[in-house]
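Number of protein chains: 2
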Amino acid sequence: MLGVLGGMGPLATADFLAKVAAATPATRDQDHIPLIAWSVPQVPERVPAILGDGPSPLPAMLTGVRALRAAGAEAIAIACNTAHYWYDELVEQGGVPILHIADAALLEACRRAPGGRRIGLLATSGTIAAGFYQARFRKEGYATLLPPSSNQDLLHQGIQLVKAGDIAGAAVLAVSVAQNLLEAGADALVVGCTELPLALAGADAVLRARMVDATAALAAASVAWSRGI
Amino acid sequence: MLGVLGGMGPLATADFLAKVAAATPATRDQDHIPLIAWSVPQVPERVPAILGDGPSPLPAMLTGVRALRAAGAEAIAIACNTAHYWYDELVEQGGVPILHIADAALLEACRRAPGGRRIGLLATSGTIAAGFYQARFRKEGYATLLPPSSNQDLLHQGIQLVKAGDIAGAAVLAVSVAQNLLEAGADALVVGCTELPLALAGADAVLRARMVDATAALAAASVAWSRGI
Chain V
1 MLGVLGGMGP LATADFLAKV AAATPATRDQ DHIPLIAWSV PQVPERVPAI
51 LGDGPSPLPA MLTGVRALRA AGAEAIAIAC NTAHYWYDEL VEQGGVPILH
101 IADAALLEAC RRAPGGRRIG LLATSGTIAA GFYQARFRKE GYATLLPPSS
151 NQDLLHQGIQ LVKAGDIAGA AVLAVSVAQN LLEAGADALV VGCTELPLAL
201 AGADAVLRAR MVDATAALAA ASVAWSRGI
Chain S
230 MLGVLGGMGP LATADFLAKV AAATPATRDQ DHIPLIAWSV PQVPERVPAI
280 LGDGPSPLPA MLTGVRALRA AGAEAIAIAC NTAHYWYDEL VEQGGVPILH
330 IADAALLEAC RRAPGGRRIG LLATSGTIAA GFYQARFRKE GYATLLPPSS
380 NQDLLHQGIQ LVKAGDIAGA AVLAVSVAQN LLEAGADALV VGCTELPLAL
430 AGADAVLRAR MVDATAALAA ASVAWSRGI
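Structure representation (structure tokens):
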């Protein structure tokens, strides 16, 4: 049984569940993987906590991990990139293995773009400050390209609009930031915030072909884990 | 905390979670409602069990209800219409209140179509045999219109295609059955199977304006319950 630590945000959790189903070879319900999702959006904000301006979400996330473990979860997927800032503490204190979203996204990036290329990272400022994407990219020989700070602000506005249910408004901002990163020389884009694939789902095919969706990559890794492959 | 008994099927569960988020007035994660979703698709098939040709899903569903209760759920929403055949047993043996999807859909139907009208019911043969929609419609002065058996077979094929991830294939079948019901004189359509809104999401606006989505209605009822309104 897979446990999904979600609610950060709730629409991203629904998107993750849909991508788990889409990643599963199935002709009937029973072919799909068993999972339990803890979607409690009252977890304190992750980005301010990382940037030193808010309470830690770790205790609330640990409550979620323990509830999932008590309900039978044998591994956890976290449907939020920024939350992976607390990955080590969650594994250590939660007592259950956690599939790392950046490992899954890196694997997918390697399938798409040969080493030496430049990867644009679309993520929260908390995820960027945490550095777990850049470290993995560096190890595989990729250079990381980040949006300039004005664009990073637009991206945060887009993420907030998804959390408020305004996908169309979010799309305008996210597409523009993504296109700017490609024009600045990115060979591929890692969409490393679980709100952003919702905003970018309607982007044109050329843009979408350059995107590595970390949510979809974690979904594929979760299905592979569940099916033992 | 809301518990979601899901996995029947998994994509319908993801759709329900997305509709809960969409039904919530929110500008940030913390405004959304806390929930935990048990999505274990290994529950035995509901329709054959109702039609006398398969094992009962009740024990597996009770396992889910009890797991949700143990994890803190104070009320349950079941993201599957057919599963409501076992509603009374689930409430009695599960020991936690359950929001009935047909109550939610009826409320929405009443907002849309005055009494005396004919409501077309798009549902599994198990749900139709269970009769809980027809009983509610009758009580409110609606006549129920059902698809002819050839169309009911097409609808089941469409539902199965959603479970297999083929939304485009499902859409062709579901839209055709829905349009036939309208042509046969239905004033409104209750979409009473949680797979079908996924198949009908791309239908034209005229058709969608006549549809009452039971999944969305249950999501709205769940949000109202959670917010105490």
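Read top to bottom, the protein sequences are chains V and S.
Number 62 in the numbering used here belongs to position 62 of the first sequence; there are no gaps in the numbering.
Number 245 in the numbering used here belongs to position 16 of the second sequence; there are no gaps in the numbering.
C-beta: ideal position from N, C-alpha, C; glycine also.
Values in this document were obtained by computation on a predicted structure and should not be read as measured data.
Beta-carbon proximity of Arg347/S to Ala403/S, cut-off 8 Å: no
Straight-line gap, Arg367/S to Ser354/S (C-alpha atoms, nearest Å): 19 Å
Selection of the stretch 36-56 of chain V by Cβ proximity to chain S, strictly under 8 Å: Ile36, Ala37, Trp38, Ser39, Val40, Pro41, Gln42, Val43, Glu45
Closer than 9 Å at the beta carbon, the chain S residues around Asp29/V: Gly236, Met237, Gly238, Pro239, Pro270, Gln271, Val272, Glu274, Lys392
Inter-residue Cα distance where the pair is Val47/V and Thr127/V: 8 Å
Leu411/S versus Val320/S: straight-line alpha-carbon distance, rounded: 35 Å
Interface positions of the stretch 367-384 of chain S facing chain V (Cβ-Cβ less than 7 Å), listed along the chain: none
Whole-angstrom C-beta distance between His84/V and Phe132/V, which should lie under 8 Å: 6 Å
Cβ neighbours of Met440/S in the same chain (closer than 7 Å, five flanking residues each side left out): Leu418, Val420, Leu429
Alpha-carbon spacing of Asp260/S relative to Ala434/S, whole angstroms: 30 Å
Val4/V to Pro148/V span [Cα, whole Å]: 32 Å
Sequence-distant residues of its chain with Cβ nearer than 6 Å to Gly202/V (five each side left out): Ala171
Runs of beta strand (DSSP E) lying entirely within the stretch 176-222 of chain V, each at least 3 residues, in chain order: 188-191, 211-213
Leu240/S - partner residues in DSSP beta bridges: None; Leu240/S has no bridge partner.
Touch test, the stretch 158-172 of chain V against the stretch 94-112 of chain V, Cβ-Cβ under 8 Å, three pairs minimum: no
Start-to-end residues for the beta strand (DSSP E) that takes in Val4/V: 2-6
Chain-order list of residues whose beta-carbon lies under 6 Å from that of Ala342/S (same chain, five-residue window excluded): Asp416, Ala417
Classification of Arg365/S by the beta-carbon crowding that lies within 10 angstroms, buried from 16 upward: buried
Three-state secondary structure (DSSP) of Gly387/S: helix
Supposed contact pair Ala446/S and Glu337/S - C-beta distance, whole angstroms, cut 8 Å: 4 Å
Classification of Ala299/S by the beta-carbon crowding that lies within 10 angstroms, buried from 16 upward: exposed
Ordered list of alpha helix (DSSP H) runs contained in the stretch 75-131 of chain V, each at least 4 residues: 87-94, 101-112, 125-130
Thr253/S versus Ser285/S: straight-line alpha-carbon distance, rounded: 35 Å
Nearest-angstrom Cα separation, counted from Ile262/S out to Gln42/V: 8 Å
Ala70/V: contacting residues in chain S (beta-carbon distance under 8 Å): Ala299, Ala300
Three-state class that DSSP yields for Ala37/V in the structure shown: strand
Identity of the residues DSSP links to Ala372/S by a beta bridge: Arg347/S
Selected residue, minimal CA-CA separation from Asp442/S, among Ser455/S, Ala453/S, Gly457/S, Cys422/S: Cys422/S
Inter-residue spacing [alpha-carbon to alpha-carbon] between Ala77/V and Tyr371/S: 46 Å
C-alpha gap between Val223/V and Ala250/S, whole angstroms: 25 Å
Cross-chain neighbours of His313/S in chain V, by beta carbon under 9 Å: Residues of chain V passing the Cβ test: none, with the nearest at roughly 16 Å.
Spatial neighbours of Ala129/V in its chain, beta-carbon cut-off 6 Å, leaving aside the 5 residues before and after: Ile50
Any chain V beta carbon closer than 8 Å to Ala450/S: no
Residues near Leu390/S in its chain [Cβ-Cβ closer than 8 Å; skip 5 each side]: Ile396, Gly398, Ala399, Leu402, Ala428
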